[in-house]
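Protein sequence lines, in the order shown, are assigned to chains U and L. Going by this note's numbering, the first residue of the first sequence is number 1, and it counts up by one from there. Going by this note's numbering, the first residue of the second sequence is number 1, and it counts up by one from there. Where a beta carbon is used, it is the ideal one built from N, C-alpha and C, also for glycine. Bear in mind that the values here come from a model prediction, so they are computed numbers and not experimental data.
2 protein chains.
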Amino acid sequence: MTASRLNMNSESARDDTTRDPSAISRSTAEAEGFPNLTKPCSGCLSRERCRVFRLMTADSCRQAAAMVSRSQQLTHGEHLFRENDRAEALYVIKSGSAKVYFTLEGGSEQVVAFYMPGDVLGLDALGVELHSSSALALESTSVCVIPLTGLQEACVKISASGWHHYLYQMFSRELISGHRTMELITRKDAEAKIAIFLIKLSRQFKERGYSASSFNLSMKRSEIGSHLGLAVETVSRILTRFQEDGLIRVERRHVQIFDHNALQAWAGD
Amino acid sequence: MTASRLNMNSESARDDTTRDPSAISRSTAEAEGFPNLTKPCSGCLSRERCRVFRLMTADSCRQAAAMVSRSQQLTHGEHLFRENDRAEALYVIKSGSAKVYFTLEGGSEQVVAFYMPGDVLGLDALGVELHSSSALALESTSVCVIPLTGLQEACVKISASGWHHYLYQMFSRELISGHRTMELITRKDAEAKIAIFLIKLSRQFKERGYSASSFNLSMKRSEIGSHLGLAVETVSRILTRFQEDGLIRVERRHVQIFDHNALQAWAGD
DNA sequence: CGCACTTTTGAACAGAATCAAGTTTTGTGG
DNA sequence: CCACAAAACTTGATTCTGTTCAAAAGTGCG
Numbered sequence: 001m002t003a004s005r006l007n008m009n010s011e012s013a014r015d016d017t018t019r020d021p022s023a024i025s026r027s028t029a030e031a032e033g034f035p036n037l038t039k040p041c042s043g044c045l046s047r048e049r050c051r052v053f054r055l056m057t058a059d060s061c062r063q064a065a066a067m068v069s070r071s072q073q074l075t076h077g078e079h080l081f082r083e084n085d086r087a088e089a090l091y092v093i094k095s096g097s098a099k100v101y102f103t104l105e106g107g108s109e110q111v112v113a114f115y116m117p118g119d120v121l122g123l124d125a126l127g128v129e130l131h132s133s134s135a136l137a138l139e140s141t142s143v144c145v146i147p148l149t150g151l152q153e154a155c156v157k158i159s160a161s162g163w164h165h166y167l168y169q170m171f172s173r174e175l176i177s178g179h180r181t182m183e184l185i186t187r188k189d190a191e192a193k194i195a196i197f198l199i200k201l202s203r204q205f206k207e208r209g210y211s212a213s214s215f216n217l218s219m220k221r222s223e224i225g226s227h228l229g230l231a232v233e234t235v236s237r238i239l240t241r242f243q244e245d246g247l248i249r250v251e252r253r254h255v256q257i258f259d260h261n262a263l264q265a266w267a268g269d
Numbered sequence: 001m002t003a004s005r006l007n008m009n010s011e012s013a014r015d016d017t018t019r020d021p022s023a024i025s026r027s028t029a030e031a032e033g034f035p036n037l038t039k040p041c042s043g044c045l046s047r048e049r050c051r052v053f054r055l056m057t058a059d060s061c062r063q064a065a066a067m068v069s070r071s072q073q074l075t076h077g078e079h080l081f082r083e084n085d086r087a088e089a090l091y092v093i094k095s096g097s098a099k100v101y102f103t104l105e106g107g108s109e110q111v112v113a114f115y116m117p118g119d120v121l122g123l124d125a126l127g128v129e130l131h132s133s134s135a136l137a138l139e140s141t142s143v144c145v146i147p148l149t150g151l152q153e154a155c156v157k158i159s160a161s162g163w164h165h166y167l168y169q170m171f172s173r174e175l176i177s178g179h180r181t182m183e184l185i186t187r188k189d190a191e192a193k194i195a196i197f198l199i200k201l202s203r204q205f206k207e208r209g210y211s212a213s214s215f216n217l218s219m220k221r222s223e224i225g226s227h228l229g230l231a232v233e234t235v236s237r238i239l240t241r242f243q244e245d246g247l248i249r250v251e252r253r254h255v256q257i258f259d260h261n262a263l264q265a266w267a268g269d
């Protein structure tokens, strides 16, 4: 790797060396001497699903030790950061889930997105001083904290090895994801919103090695509603309707998907 | 300026030297020798409203010459880039306006945002290979093209002077702006959407030195509708209603705002 | 066990979409 | 430069989706 690559797709970013387990242990071995963590990421159970880790090549992985200072545990309902908090770190979810939201004038809240293991939180405050949104754990959640000071040092030290590029990639993905959410919200059809929401969740669980057809929602109906621009009652009603039609089974927070194709049909129109 | 600052608000980013005209000419004089443009930005009429320029300190301003390779003219309806185009540059609008949108399955389009002079387009593709959206000029528009290759070189050469920081700042602002748009779309009230839209436009014109109470819309009603999640007819109806109530006067694309407070009242609820 | 919160369900209402013309504007070619 | 066609905008009537209001049932936790 020669120079910072501003423009590169994820395929080419995944060097073979990153996928080679021996390369990883080599890099972690060389990381000795960094105070906070001697074996960066190597002990992390969520390593393979971590967006940051997946983007790293062996070269820059070596530097991760300087950045990943600590792991943080959150219980259900605890905040990772709040609106107007000073931005201090990026956070990668190791296990559990979180919602990012902000408070509207009326006191109600707008859920921007839900995040799962491997997802990165806090990008929206990387370039500005304060967080403009709040992040709250929806269940027992552990996150990997990457302090901005450490990130800054790492970026300067190894600016040639493309750390910035990883950040740009994360930013772009976040922007695109936001655009898709806009599309989702603007769809007039409530059935389509719910169908798309379920399909997206299903895909995300599958990507993380869990069942695509049986999973637990970590968010309340009202949070789903806030995210999709629907009233709680509508969310509830449509979930019930989908169940009555045999597409899914919902019991409290547990969801089973029986007819993925039918869901996709609802999503399509 | 010592090191890359990942976290800094816009106030501190605006060094006094940036605001000092003599410092600007000094830096542009030093830029001699760069092939493409001997006086970077100094001849640009939109310099003061350019988000990129405003973020630059005198130090990094000197490097702009290497990056700003050319100015590009677009006529009404011309594309700056399209979905799935290879990402090649960032674009700063010098004059005119543009919409960023993407096409939905049904063939309809989702307008992500409108952009005015000084705004930066193309960030969503900086970290990935392809544009996920299209950008189209809504009128005669001139843009400043910053090729990614040049940007890349500049970032490597002067990584210590904070160019990356400017990009992060732009990214964060873009993300936050997207979140606000989500809020706008989720508001159920069509009147509020239009009122907020008008107030935002008014503010943007004012920021750029134009009248806040009399301006021309560069977008069609249908584009406003697509952006706000409303049918064309609803946009038209509400504009008419606002006019009947004496809040505004709309004639084709020309808008006059008579009662800003009343608009704000509609926006609030 | 009781209280608070979440979820479900029902009924009525309201807001915005849709459908359907009609009007105005814009653009194009003769 | 005018005539004609296409696009953009407006206006009205109707329909319908999803909200709101209301209340009950289920769940969880101290």
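| request: Check U:Phe258 in the structure and name its three-state DSSP category. | output: On the first sequence, residue 258 of chain U is found 258 positions in, with the first residue counted as 1. The three-state secondary structure of U:Phe258, taken from DSSP, is coil.
| message | Assuming the contact rule is C-beta atoms closer than 8 Å, U:Gly127 and U:Arg49 should be a hit. Round their C-beta distance to whole Å, please. | response | As a working note, residue 127 of chain U is residue 127 in the first sequence. As a working note, residue 49 of chain U is residue 49 in the first sequence. U:Gly127 to U:Arg49, Cβ: 26 Å. No contact.
| Count the other CB atoms within 10 Å of the CB of U:Arg173; is the residue buried (16 or more) or exposed (fewer)? | Taking the first sequence and counting its residues from 1, one reaches residue 173 of chain U at position 173. Classification for U:Arg173: buried.
| query | Between U:Ser133 and chain L, is there a C-beta pair that is closer than 8 Å? | reply | Within the first sequence, numbered from 1, the residue matching residue 133 of chain U stands at position 133. For U:Ser133, the closest Cβ of chain L is nearer than 8 Å.
| Interface residues of chain L around U:Thr234 at Cβ under 7 Å? | As a first step, residue 234 of chain U must be located in the first sequence, where it is residue number 234. Per Cβ cutoff of 7 Å: no residues; U:Thr234 is ~12 Å from chain L at best.
| L:Asp124 classed as buried or exposed, judged by whether at least 16 other C-beta atoms fall within 10 angstroms | Numbered from 1 along the second sequence, position 124 holds the residue referred to as residue 124 of chain L. Burial call: buried.
| task | Look at the alpha carbon of L:Leu138 and the alpha carbon of L:Val111, and state the distance between them as a whole number of angstroms. | result | Position 138 of the second sequence, counted from the start, is the residue given in the question as residue 138 of chain L. Position 111 of the second sequence, counted from the start, is the residue given in the question as residue 111 of chain L. Rounded to the nearest angstrom, the two C-alpha atoms are 12 Å apart.
| Residues near L:Phe215 by beta carbon distance below 8 Å, same chain, minus five either side | Residue mapping note: residue 215 of chain L aligns to position 215 of the second sequence, counting from 1. If the five residues before and after L:Phe215 are omitted, its C-beta is found closer than 8 Å to the C-beta atoms of Leu201, Ser202, Phe205, His254, Val255, all from its own chain and listed in chain order.
| Cα-Cα, which of U:Leu104, U:Glu83, U:Phe53 is closest to L:Thr181? | Here residue 181 of chain L refers to the residue found at position 181 of the second sequence. Ranking U:Leu104, U:Glu83, U:Phe53 by Cα distance to L:Thr181 puts U:Leu104 first.
| request: Report buried or exposed for L:Lys94, applying the criterion of at least 16 other Cβ atoms within 10 angstroms of its Cβ. | output: Taking the first residue of the second sequence as 1, we reach residue 94 of chain L at position 94. Buried: at least 16 other Cβ atoms inside 10 Å.
| message | Quick check: the stretch 241-254 of chain U against the stretch 210-230 of chain L, are at least 3 beta-carbon pairs closer than 8 Å? | response | No: the two stretches stay apart, fewer than three of their Cβ pairs being nearer than 8 Å.
| task | Rounded to whole angstroms, what's the CA-CA distance from L:Gly178 to U:Leu136? Just pull it up for me. | result | As a position in the second sequence, residue 178 of chain L is number 178, starting the count at 1. As a position in the first sequence, residue 136 of chain U is number 136, starting the count at 1. Using only the alpha carbons, I get a separation of about 20 Å.
| request: Can you pull the chain L residues whose beta carbon is under 8 Å from the beta carbon of U:Tyr168, in chain order? | output: Position 168 of the first sequence, counted from the first residue, corresponds to residue 168 of chain U. Neighbours of U:Tyr168 in chain L, taken as residues whose beta carbon is under 8 Å from its own, are Leu126, Gly127, Leu167, Phe171 in chain order.
| said: For U:Gly96, tell me which candidate among U:Glu109, U:Asn261, U:Gly106, U:Val120 has the shortest Cα-Cα distance. | reply: Here residue 96 of chain U refers to the residue found at position 96 of the first sequence. If we check each option's Cα against that of U:Gly96, U:Val120 comes out closest.
| Among L:Thr234, L:Ala262, L:Leu184, L:Ser142, which residue has its Cα nearest to the Cα of L:Arg70? | What you label residue 70 of chain L is simply residue 70 of the second sequence in a count that begins at 1. Nearest of L:Thr234, L:Ala262, L:Leu184, L:Ser142 to L:Arg70, Cα basis: L:Ser142.
| task | From the DSSP output, in three-state form, read off L:Ala231 for me. | result | By one-based count along the second sequence, residue 231 of chain L stands at place 231. L:Ala231: coil per DSSP, three-state reduction.
| request: Using a Cβ-Cβ cut-off of 8 Å, state whether L:Leu175 counts as contacting chain U. | output: For this step, residue 175 of chain L is matched to residue 175 along the second sequence. Put simply, the CB of L:Leu175 is near chain U, with a gap under 8 Å to one of its CB atoms.
| request: Establish whether the CB of L:Gly229 and some CB of chain U are separated by less than 8 Å. | output: Here residue 229 of chain L is taken as the residue at index 229 of the second sequence, counted from 1. Yes, L:Gly229 lies at the interface with chain U (some Cβ there is under 8 Å from its Cβ).
| message | With distance defined between alpha-carbon atoms, name the residue in L:Ser108, L:His165, L:His164, L:Leu239 nearest to L:Ile196. | response | Stepping through the second sequence from its first residue, residue 196 of chain L is reached at position 196. Nearest option by C-alpha distance: L:Leu239.
| Inside the stretch 55-131 of chain U only - alpha helix (DSSP H) runs reaching at least 4 residues | Runs of the alpha helix (DSSP H) lying entirely within the stretch 55-131 of chain U, each at least 4 residues long, are 58-61, 64-67 in chain order.
| query | When you compare only the Cα positions, how much space is there between L:Leu175 and L:Gln169? | reply | Here residue 175 of chain L refers to the residue found at position 175 when the second sequence is read from its first residue. Here residue 169 of chain L refers to the residue found at position 169 when the second sequence is read from its first residue. Rounded to the nearest angstrom, the two C-alpha atoms are 10 Å apart.
| In chain U, what lies closer than 7 Å to L:Gln110 by C-beta? | For the purposes of this step, residue 110 of chain L is taken as the residue at position 110 of the second sequence. Here the neighbours are Met182, Glu183, Thr186.
| task | Output the boundary residues of the beta strand (DSSP E) element that contains L:Ala192. | result | For this step, residue 192 of chain L is matched to residue 192 along the second sequence. Unbroken run through L:Ala192 is the alpha helix (DSSP H), 190-207; no beta strand (DSSP E).
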